[in-house]
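If you count the sequence shown from 1, position 38 lands on 35 in the working numbering, and the numbers rise without skipping. C-beta atoms are modelled at their ideal positions from N, C-alpha and C, and glycine is treated no differently. First comes the structure, then the notes that go with it.
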Amino acid sequence: MTPLSAVATATPAPAEADTRFSNTFLRLKKKLERSVGKAIADFNMIGDGDTVMVCVSGGKDSYTLLSCLLALRERAPVDFRIIAMNLDQKQPGFPADVLPAYFESIGVEYRIVTEDTYSIVKDKIPAGKTTCSLCSRLRRGIIYRVARELGATRIALGHHRDDMLETLFLNLFFGGKIKAMPPKLVSDNGEHVVIRPLAYCTEADITRFARTMEFPIIPCNLCGSQENAQRKQIKTMLQGWAREHPGRIESIATALGQVVPSHLADASLFDFRNLTRDTVVAEGDIAFDRVDVPSPSAAVMHLADRTTDGE
């Protein structure tokens, strides 16, 4: 096991004028930062004095997350520390110099951790099978350990709105559960608070942002090769809905925050057994509610009269 490197403190790069970007891009940047700020506020993700360990894989999502958090920290009403953390899993051809150079260029504290989880996954998982489950468990254990060593009070992950929706349908179709990715959670051992500040951000916006920012993207040779993975099937389905039914994805995302337990069937969330006529619920059964029909206009009434007269 390669020992952990010390936290490196990079020299801040000189600020570059936003005039290099188009107004369209600047609006996109503002939209993403506003969405991240709203998620942080809605779920109380970051407070004064927090140390936020931002997990940066080298993909577009984690680069965007780090960029937004650094920008928001400059004008946030609270003071918090950011440490970027990358796990080098020893994938063949992994460019180990890319992320340290990037972190140095933007002037952020960082920690690079080297663990050969790639060999473990390839050894344990047969060729062609999904590696995501084992890979994520190994990564999670290392991330938690490093967070403890750094004294991080928050672990920030780069999952966005589309990731959360894909997880919802994965659990619905293949796991028999109505369950998604929460914007904020406590680890199973109770030691860590994990946050997903991109919870309100769409993958399409992140892709456009990352392309213009020209982040040095590092591909994943494990999950990137599994074209038949269930998550990719779900992604294709959701992308089809977005094209064919505008607004559907937004409606589903809104539904994640508007759950009505009395209208599901989980007895642990709602006491169906002791439900009586006197039970007050948030939303009742509208099947027998009176529907108010608006009064017909004079024009409609005139047309109806003419129809009755045989005209």
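Assign residue 24 to one of two classes, buried (16 or more other C-beta atoms within 10 Å of its C-beta) or exposed (fewer than that).
Counting Cβ neighbours within 10 Å, residue 24 comes out exposed, since fewer than 16 surround it.
Just to confirm, are residue 140 and residue 42 a CB contact at a threshold of 7 Å?
For residue 140 and residue 42, no; Cβs fall outside 7 Å.
Confirm, please, whether the CB-CB distance from residue 180 to residue 153 is below 7 Å.
No; because the gap between Cβ atoms is not below 7 Å, this pair is not in contact.
Are at least three pairs of beta-carbons, each pair with one atom in the stretch 181 to 190 and one in the stretch 145 to 165, less than 8 Å apart?
The stretch 181 to 190 is in contact with the stretch 145 to 165.
On the DSSP bridge list, what partners appear for residue 106?
In the DSSP output, where bridge partners are listed per residue, residue 106 has 80.
Would you call the stretch 63 to 78 and the stretch 166 to 177 in contact, with 3 or more CB pairs under 8 Å?
These segments do not touch.
How many Å lie between residue 17 and residue 78 at the Cα?
Computed Cα separation, rounded: 28 Å.
Considering only C-alpha positions, which residue in the set 235, 105, 92 and 243 is nearest to residue 214?
The shortest Cα separation from residue 214 among 235, 105, 92 and 243 belongs to 92.
Roughly how many angstroms lie between the CA atoms of residue 198 and residue 121, to the nearest whole one?
One C-alpha to the other measures close to 35 Å.
Helix, strand or coil at residue 153 according to DSSP, with G and I counted as helix
Look at residue 153 here: in three-state DSSP terms it is strand.
With respect to the beta strand (DSSP E) encompassing residue 87, which residues constitute its N-terminal and C-terminal limits?
Taken as a continuous stretch (DSSP letters only), residue 87 belongs to no beta strand (DSSP E), as it is neither H nor E.
Going by DSSP in three states, residue 174 sits in which element: helix, strand or coil?
When DSSP states are grouped into helix, strand and coil, residue 174 belongs to the coil group.
Residue interval of the alpha helix (DSSP H) (run including residue 65)
In the DSSP assignment, residue 65 falls within the unbroken alpha helix (DSSP H) covering 57 to 70.
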